[in-house]
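Trainee:
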Amino acid sequence: MTAEIIDGKKLAENIKQEVKAAIEERVRQQLPVPGLATVLVGNNPASRTYVASKIKTTADLGIHSLSYELEENCPQDKLVSLIEELNQNQDIQGILVQLPLPDHLSEDRVMHTISPKKDVDGLHPYNAGLLTRKYSEPLFYPCTPSGIIHMIQSVCPDISGMDAAVIGRSSIVGMPTAMMLSRCNTTPTICHSQTRHLDEVCRESDIVVAAAGSPGLVRGEWIKPGAIVIDVGINHIPDKTSPRGYRLVGDVEFDEAVKRAGAISPVPGGVGPMTIAMLMANTLKAIEYR
Ligand code: NAD
341 MTAEIIDGKK LAENIKQEVK AAIEERVRQQ LPVPGLATVL VGNNPASRTY
391 VASKIKTTAD LGIHSLSYEL EENCPQDKLV SLIEELNQNQ DIQGILVQLP
441 LPDHLSEDRV MHTISPKKDV DGLHPYNAGL LTRKYSEPLF YPCTPSGIIH
491 MIQSVCPDIS GMDAAVIGRS SIVGMPTAMM LSRCNTTPTI CHSQTRHLDE
541 VCRESDIVVA AAGSPGLVRG EWIKPGAIVI DVGINHIPDK TSPRGYRLVG
591 DVEFDEAVKR AGAISPVPGG VGPMTIAMLM ANTLKAIEYR
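If you're matching positions, the sequence shown starts at 341 in my numbering and goes up one per residue.
#1: Any residue with its C-beta under 6 Å from a non-hydrogen atom of the ligand NAD counts. Can you list them all in chain order?
#2: Just checking my contact of G382 with M614 at CB under 8 Å: how many whole Å lie between their CB atoms?
#3: Once DSSP output is grouped into helix, strand and coil, what is the label at S494?
#4: Cβ atoms of V572 and V589: under 9 Å apart, would you say?
#5: Closest by CA to I627, which one among G375, T389, A343?
#6: So the beta strand (DSSP E) A504 belongs to, where does it begin and stop?
#7: Around the Cβ of Q430, are there at least 16 other Cβ atoms within 10 angstroms (buried) or fewer (exposed)?
#8: In chain order, what residues of the same chain lie with their CB nearer than 7 Å to the CB of A621, ignoring the 5 residues before and after it?
#9: If I follow the unbroken beta strand (DSSP E) through H537, where does it start and stop?
#10: Identify every run of the alpha helix (DSSP H) within the stretch 555–610, keeping only runs that are complete inside it and at least 4 residues long; order them along the chain.
#11: Could you tell me whether the stretch 461–481 touches the stretch 513–525, using the rule of 3 or more Cβ pairs below 8 Å?
#12: Could you say which of D443, P442, C483 lies nearest to D461 if we only look at CA atoms?
#13: Would you please state the rounded distance, in angstroms, between the beta carbons of K394 and L436? I believe it to be under 8 Å.
#14: Mapping the DSSP letters down to three states, classify H404 as helix, strand or coil.
#15: Residues in its own chain within less than 8 Å of V611 by CB, not counting five upstream and five downstream?
#16: Please state whether the Cβ-Cβ distance between K564 and R543 is less than 9 Å.
#17: Taking only the alpha-carbon atoms, compute the straight-line gap between L426 and D443 and give it to the nearest angstrom.
#18: Taking the C-alpha atoms as reference points, what is the distance between V450 and Y475?
#19: So for P442, helix, strand or coil by DSSP?
#20: M618: which of S421, S545, G434 sits nearest, CA to CA?
#21: Find the nearest neighbour of D459 within the set P497, I512, Q493, D498, judged by alpha-carbon distance.
#22: Name, in chain order, the residues that DSSP records as bridge partners for V437.
#23: Cβ of I507 within 9 Å of Cβ of T526?
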């Protein structure tokens, strides 16, 4: 058996086209278009690439964009003041502070400062809290977990009752993904670096979401035949044969897992493009809270 490949690029393109059409309609009706502010602190090359890609996509879709770059040693108060200003800016509906931040800055304080109504990354504690509450909806679902759920449901619309292994419990990916899987009526097991028998948890799971940042962690033999596998990991592996000097791999041994899974997402071309598409969808949604 060879798994169906979940094409994140194609799914992301469909979402972006829907956002673009909605914005064009707003322009026709002379309604305001949404605005996204991106904030990049420091010189992390991967962060710079991600922000550049987000800015380019906003332009492609007709979203108004403002971008800010702060120096690596930027004081906490300066960053907080910028976010407070953006909270007041009527032309901006979404604020994205690219993570990770340099070590001297508190991500928690920054996340608390963004207005929950402009929290298009869905990481503010208010929105994260609402995600865990049965009768509530967050104002925004976080982007990467939303993309993951969308990809899973693209191959299996009703996942109710399934068992899911989520490898990783970060506030950005693992934990909110588990919460969203629970909201879809699956039974998620949240795994992390201290989890014993990770292989066994995976073997019993109908869905595996790997978000550990550990190349090739998930072996093919861990995959239950027919399972849905979403590989979130982005790992840079030195490769002299590549013009960039490295190649990107995920957390799953793709060549092994593809032989057992029912459906699997690749790296690159899987979750990455979906994260950006969901950010654009959230930015469009943010205009409702204007
Ligand atoms: P993180 O470092 O904050 O969290 C990693 C989690 O994985 C932790 O909970 C840790 O306990 C767990 N973990 C680490 N090694 C493990 C192991 N051997 N076994 C079991 N659990 C283990 O990372 P993050 O921000 O959640 O990102 C995870 C990965 O996803 C990274 O590779 C990151 O680059 C990638 N990522 C991709 C996207 C995307 O859009 N595709 C978005 C965010 C993160």
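A virtual CB, placed ideally from N, CA and C, is assigned to each residue, including glycine.
Mentor: Based on what the coordinates show:
#1: Of all residues, those with a beta-carbon under 6 Å from at least one heavy atom of the ligand NAD are T484, I507, G508, R509, S510, I512, V513, G514, C531, H532, S533, T535, L538, A551, A552, G553, S554, L557, V572, G573, I574, N575, V611, G612, T615, reported in chain order.
#2: 25 Å between Cβ atoms; not a contact.
#3: In this structure, S494 counts as helix in the three-state DSSP scheme.
#4: No, they are not a contact pair.
#5: It is G375.
#6: For A504, the enclosing beta strand (DSSP E) stretches over residues 503–507.
#7: The residue is exposed, with fewer than 16 neighbouring Cβ atoms inside 10 Å.
#8: Counting only Cβ-Cβ distances below 7 Å, and skipping sequence neighbours, we find I355, V359.
#9: According to the DSSP assignment, H537 belongs to no beta strand (DSSP E), since it is labelled neither H nor E.
#10: Complete alpha helix (DSSP H) runs here, min 4: 594–597.
#11: Taking one beta carbon from each stretch, the stretch 461–481 and the stretch 513–525 have 3 or more pairs nearer than 8 Å; the two touch.
#12: Closest by alpha carbon: C483.
#13: Contact check for K394 and L436: beta-carbon distance about 7 Å, within the 8 Å limit, so the pair qualifies.
#14: Per DSSP, reduced to three states, the secondary structure at H404 is strand.
#15: Same-chain partners within the cutoff: G348, T484, G487, I488, M491, I570, D571, V572, S605.
#16: Yes, the pair counts as a contact, with Cβ atoms nearer than the cut-off.
#17: When the Cα atoms are used, L426 and D443 turn out to be separated by approximately 23 Å.
#18: When rounded, the distance between both Cα atoms is 27 Å.
#19: Coil, per DSSP.
#20: When each option's Cα is compared against that of M618, the closest is G434.
#21: Out of P497, I512, Q493, D498, I512 has the C-alpha closest to the C-alpha of D459.
#22: In the DSSP assignment, the residues bridged to V437 are V379.
#23: Using a Cβ distance threshold of 9 Å, I507 and T526 do not count as a contacting pair.
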